[in-house]
Amino acid sequence: AQSVTQPDIHITVSEGASLELRCNYSYGATPYLFWYVQSPGQGLQLLLKYFSGDTLVQGIKGFEAEFKRSQSSFNLRKPSVHWSDAAEYFCAVGARGNDMRFGAGTRLTVKP
Amino acid sequence: DTAVSQTPKYLVTQMGNDKSIKCEQNLGHDTMYWYKQDSKKFLKIMFSYNNKELIINETVPNRFSPKSPDKAHLNLHINSLELGDSAVYFCASSSFPRTAPPNTEAFFGQGTRLTVV
Chain A
999 AQSVTQPDIH ITVSEGASLE LRCNYSYGAT PYLFWYVQSP GQGLQLLLKY FSGDTLVQGI
1059 KGFEAEFKRS QSSFNLRKPS VHWSDAAEYF CAVGARGNDM RFGAGTRLTV KP
Chain B
31 DTAVSQTPKY LVTQMGNDKS IKCEQNLGHD TMYWYKQDSK KFLKIMFSYN NKELIINETV
91 PNRFSPKSPD KAHLNLHINS LELGDSAVYF CASSSFPRTA PPNTEAFFGQ GTRLTVV
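Residue numbers (my numbering), protein chains in the order written: chain A, 999 to 1110; chain B, 31 to 147.
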């Protein structure tokens, strides 16, 4: 069965600094990979997804992620973080014949 | 037009009661899900329905029973509520067929915050 690991439970960055959130997955076949963001008291909003093709995917709000099959990773990046980016971030994996599974989430705090 | 809508948004109830949470999607998706998010924000899949057929039933007490009257609806009924059932429950839908790649991501409702007192 597929699984997702987000090694960092909580990350704090200064506003304007760059950000990288880590995600590692485990699955034998081609995974479909997603990053979702959850603001306090809100539902989940899709930031970006990878199904196939170019391994560097661009998302909303200036986020991007790179699929690295050799490392089983799909890390999320943003060159300059804004205070409004403070939220919980979830990596998820899906696969044909299976359903989406989520990582434990990484809480992002942005310092002024 | 809300894509995935859940009702109610908040639910406070006493232990032992029976309650239902409703979910509807207007995206034409064939797969719907219920997730439970605990106090530590961990999202755990509970059920998955594909074309009204139960596909996944994770280790969930049988007090929880999903009902899918049609492809657009997946309701969650909970019997004999316990304190540990307090959580946020999310409904989601996707076009994630069993035999083909997905052509869309999962869309989530706003969540139902259930508090059992």
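C-beta: ideal position from N, C-alpha, C; glycine also. Computed from a prediction, not measured in an experiment: that's the story for all the values here.
Item                                                                                                          : Value
Through-space distance from Gln44(B) to Lys74(B), alpha-carbon basis                                          : 24 Å
Members of the segment 1058-1072 of chain A that neighbour chain B once the beta carbon cut-off is set at 7 Å : none
Integer Cβ distance of Lys71(B) from Gly1103(A), believed to fall under 8 Å                                   : 5 Å
Backbone CA spacing between Val1055(A) and Val1035(A) [nearest angstrom]                                      : 16 Å
Against chain A: residues of the segment 72-84 of chain B by CB proximity under 7 Å                           : Phe72, Leu73, Ile75, Ser78
Residue-chain proximity (Leu1031(A), chain B), Cβ-Cβ < 8 Å                                                    : no
Unbroken beta strand (DSSP E) run spanning Pro99(B), endpoints                                                : 94-100
Contact check, Lys1059(A) vs Leu1045(A), beta carbons under 8 Å                                               : yes
Check whether Tyr1023(A) and Val1079(A) have beta carbons under 8 Å apart                                     : no
Straight-line Cα distance separating Ala102(B) from Glu1018(A)                                                : 37 Å
Phe120(B) vs Gln67(B) beta-carbon contact at 8 Å                                                              : yes
Neighbour flag for Gln44(B) against chain A, beta carbons, 8 Å                                                : no
Same chain only: Cβ atoms within 6 Å of Phe94(B), ignoring 5 sequence neighbours per side                     : Ile108
Collapsed DSSP secondary structure at Leu84(B) in the structure displayed                                     : strand
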